[in-house]
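S.K.:
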Amino acid sequence: MGKFAQIDYIIFLIYFVVVAGYGYWIYRKKNNANASSKDYFLAEGSLTWWAIGASLIASNISAEQFIGMSGNGFTVGVAVAAYEWIAALALIIVAVWFIPVYLKNKIFTMPQFLNNRYNETTSLIMAVFWLFLYIFVNLTSILFLGALAINNLAGGGSFHMIVLALSIFAVIITLGGMRVIGFTDVIQVLVLIIGGVATTYVALTLVSEHFGLGKDVLAGFSQLMKDSPEHFKMIIEKPTASSSQEEINKYLMLPGLGMYLAGIWIVNLNYWGCNQYITQRALGADLKTARTGILFAGFLKLFMPVIVMLPGIAAYVLYKNGALQEEMAPGGHFNPDNAYSAILGFLPDGMKGLSLAALTAAIVASLAGKANSIATIFTMDIYKKYMNKDASEKNLVNVGKITVIVAILASILFTWDDMLGIGGEGGFTFIQKYTGFISPGVLAMFLLGMFWKRTTGSAAIVGLVMGFVLSVVFNNYAPTWFGNDTLLYTAYPNGRGAYEIPFQICMGLSFLFTVIAMIAISLAGPKVNPKAFVLDTKMFKVEPSVMVMIVLTLLLVSALYVRFW
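In terms of the numbering used here, the sequence shown opens at residue 303 and continues consecutively.
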């Protein structure tokens, strides 16, 4: 195990020059003085299906996946891959049913959808909320986790310099607009996948060598399954009275079959279908291109666990058998989130630089995509509507660029000394906790707004507030009220003398009661809603080539679940 060699720095420098240079070339090639705001924010008509798909993956896979999901792989194993594999199915739903509605109604931003479908109040509330969420939760946590991971890999001592470097790199990419982000993300995702596969390869060879099997990847994988078969089960069994605290904690994280009826669908449909950060990549394309790009992203999602989860399982097996003791507990503080960094430290010279480039690519792509979404929402849903209704296209683009810089500066401020306490509870948990409280209400608003004409603006506002309040109640108060005798059979001790209901179950309950309330309020309202979208069933028709991709994805997901059930 050693530090970076000269070849590592050279490889990383090549990566930086290629991405920055290509981004600048795209910017100069396509840029013109009369570029419209729609062209800047959506890259209207210029992103190909493969660029859309690659950009979706590059923006989605960031430090919280590399670090947090590897940590979950260390703790619970292959069951955490459900987040990725169900995402592939959610992307099919988004491609077939969500995107046609957005494109048919010329939706530019998610607050615009709420304004056109419901009312201005709902739109403004969500625009402000999304801005705060994206800046102070997502952008900040991505920057913090990314800088921390790179700092650990580099040997420590340069956290703040890494924060600044990542921020500057992200700004360079973001100021070029969505076109530059989309096409540079193609390179980013290639680097991400190559570097991630290299890390997984080394992880599996480390396992095979530790057990005297030579440098054999397949032997290493077989040894993982032989040594820790419980880490290769998709369903976490419900704890009993004799279960250990470790088994209870696993179930709280991934509550068996219950999560497939609740939170995991809400998380994925809200993230992939109602999230400006994600949908923005497809909103500027025609329907077939957008659909194909989204399905391409879904296909790639099937393979993401290989690079973000397997290293964590490998680290668990090595740690369990006496290796990686110091790496998993630097300074005497054990943390499962150290699993990915522990494996990276054993990479040979050259591959360290490649893996560092992969990690940086994931971080910068996510930062750039998030910053662009922040700029889009502020510029189009707040500045243009409430500050300068007569703003020129050039003015809107300039405001967007200024917003990018301000958002990045704000995230640096809160990252600098971990002002939000991200490191205290883990970055992946931090993001899930604060976005999950709003997901049930948001998804209910979007689903009913798209596909049920009777849904009213009053119901939308009630649903938004109720979804949040119920999430707080089920997560923080219901376990105290009911204890372990509640009909909510998934409440178990959490080791701190309290009780918890699994987070995903809480989301499902919040969503269920929110939908019921919205339906009741809407039925009590007018029978004809003048703001309802007109749905043309023809727009849901799927082209033969798209259907092939859907069937292939479904077959692969089915095969994976059959294999690890």
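For glycine and all other residues, C-beta sits at the position ideal for the given N, C-alpha and C.
Identify which residue in V774, S760, L749 and K755 has its Cα closest to the Cα of W399.
M.R.: When each option's Cα is compared against that of W399, the closest is L749.
S.K.: Buried or exposed: which applies to Y779, given that a residue is buried once 16 or more other Cβ atoms fall within 10 Å of its Cβ?
M.R.: It is exposed - the Cβ of Y779 has fewer than 16 other Cβ atoms within 10 Å.
S.K.: Which partner residues does E532 have in the DSSP bridge list?
M.R.: BP columns for E532 are empty, so no partner.
S.K.: Pick helix, strand or coil for E289, following the three-state DSSP scheme.
M.R.: No statement about residue 289 is possible, as the shown extent of the chain runs from 303 to 867 and does not include it.
S.K.: Between the beta-carbon of G325 and the beta-carbon of T486, is there less than 7 angstroms?
M.R.: It is a contact, given that the beta carbons lie within the stated cut-off.
S.K.: I'd like to check one pair, I568 with P742: are the Cβ atoms closer than 7 angstroms?
M.R.: In contact: P742 and I568 (Cβ atoms closer than 7 angstroms).
S.K.: Pairs of beta-carbons, one from the stretch 642 to 652 and one from the stretch 612 to 620, closer than 8 angstroms: are there three or more?
M.R.: Result yes; three or more Cβ-Cβ pairs closer than 8 angstroms.
S.K.: Going by other Cβ atoms of all chains shown within 10 Å of its Cβ, with 16 needed for buried, is N690 buried or exposed?
M.R.: Exposed is the call here.
S.K.: What span of residues does the alpha helix (DSSP H) with N831 cover, start to end?
M.R.: Neither: N831 is in no alpha helix (DSSP H) and is coded neither H nor E.
S.K.: Is it a yes or a no for the stretch 616 to 628 touching the stretch 384 to 400, going by three-plus beta-carbon pairs under 8 angstroms?
M.R.: No: fewer than three Cβ pairs fall under 8 angstroms.
S.K.: Which two residues bound the contiguous alpha helix (DSSP H) that contains Y553?
M.R.: Where Y553 is concerned, the enclosing alpha helix (DSSP H) stretches over Q547 to M555.
S.K.: How is W351 classed by DSSP in three states: helix, strand or coil?
M.R.: Helix at W351.
S.K.: Three-state secondary structure (DSSP) at M752?
M.R.: Correct three-state label for M752: helix.
S.K.: Give me, in chain order, the residues of the same chain whose beta-carbon lies closer than 7 angstroms to that of A258; leave out the 5 immediate sequence neighbours on both sides.
M.R.: Beyond the ends of the chain as shown, which are 303 and 867, falls residue 258; an answer cannot be given.
S.K.: Give the C-beta separation of K686 and A677 to the nearest angstrom, bearing in mind that I take them to be a contact with Cβ-Cβ under 8 angstroms.
M.R.: 12 angstroms between Cβ atoms; not a contact.
S.K.: Whose C-beta lies closer than 6 angstroms to the C-beta of I707 among residues of the same chain, with five residues either side of it excluded?
M.R.: Excluding residues within five positions, none has a Cβ falling inside 6 angstroms.
S.K.: So what does DSSP say about C576, is it helix, strand or coil?
M.R.: Here C576 sits in coil by DSSP.
S.K.: Got a sec? Which residues, its chain only, sit under 6 angstroms from V320 by beta carbon, not counting five neighbours each side?
M.R.: Nothing listed; no residue qualifies.
S.K.: May I ask you to report which of helix, strand or coil DSSP gives S443?
M.R.: S443: helix per DSSP, three-state reduction.
S.K.: Quick check on V859: does DSSP put it in helix, strand or coil?
M.R.: Residue state, collapsed to three classes: helix.
S.K.: For the alpha helix (DSSP H) holding T424, just list the boundary residues, first then last.
M.R.: Counting along the chain, the alpha helix (DSSP H) containing T424 begins and ends at E422 to L435.
S.K.: Per DSSP, what kind of secondary structure is Q582 in: helix, strand or coil?
M.R.: Of the three classes helix, strand and coil, the one that applies to Q582 here is coil, per DSSP.
S.K.: If T501 and S668 are in contact, beta carbons under 8 angstroms, what's the gap, nearest whole angstrom?
M.R.: With a Cβ gap of about 18 angstroms, T501 and S668 do not count as contacting.
S.K.: Over what stretch of residues does the alpha helix (DSSP H) that includes G375 continue unbroken?
M.R.: It spans S372 to T377 - the alpha helix (DSSP H) in which G375 sits, taken as one unbroken run.
S.K.: Is the beta carbon of L854 less than 7 angstroms from the beta carbon of R583?
M.R.: Contact: no.
S.K.: Whole angstroms is fine: what's the gap from A861's alpha carbon to N700's?
M.R.: Taking the straight line joining both Cα atoms gives about 49 angstroms.
S.K.: Select from L711, K833, A543 and I369 the residue whose C-alpha is nearest the C-alpha of L455.
M.R.: Here the closest residue by C-alpha is I369.
S.K.: Could you check where the alpha helix (DSSP H) with P607 kicks off and where it finishes?
M.R.: First-last of the alpha helix (DSSP H) with P607: M606 to V610.
S.K.: Express the C-alpha separation of S824 and D787 in angstroms, rounding to a whole number.
M.R.: Here the model assigns D787 a pLDDT of 43, short of 50, so the residue's position is not dependable and the matter cannot be decided.
S.K.: Between which two residues does the alpha helix (DSSP H) harbouring P541 extend?
M.R.: No alpha helix (DSSP H) holds P541; DSSP gives it neither H nor E.
S.K.: Take every Cβ of the stretch 760 to 777, pair it with every Cβ of the stretch 805 to 820, and state whether three or more of those distances are shorter than 8 angstroms.
M.R.: With the cut-off at 8 angstroms, the stretch 760 to 777 and the stretch 805 to 820 touch.
S.K.: Contact check, L450 vs F461 under 8 angstroms by CB: the rounded distance?
M.R.: Going by Cβ atoms, the distance from L450 to F461 rounds to 7 angstroms, so yes, they are a contact pair.
S.K.: Evaluate the contact criterion for the stretch 582 to 601 versus the stretch 390 to 406: three or more CB pairs, one atom per stretch, below 8 angstroms.
M.R.: Touching, yes.
S.K.: Output needed for A505: all residues of its chain with C-beta closer than 6 angstroms, excluding positions within five of it in sequence on either side, in chain order.
M.R.: P613, A616 and I645.
S.K.: Looking at C-alpha atoms only, which residue of Y863, K528 and K406 is the closest neighbour of F835?
M.R.: With distances taken between Cα atoms, F835 lies closest to K406.
S.K.: Please tell me whether A356 and V493 are closer than 7 angstroms, where the distance is taken between their beta carbons.
M.R.: The answer is no: Cβ separation not under 7 angstroms.
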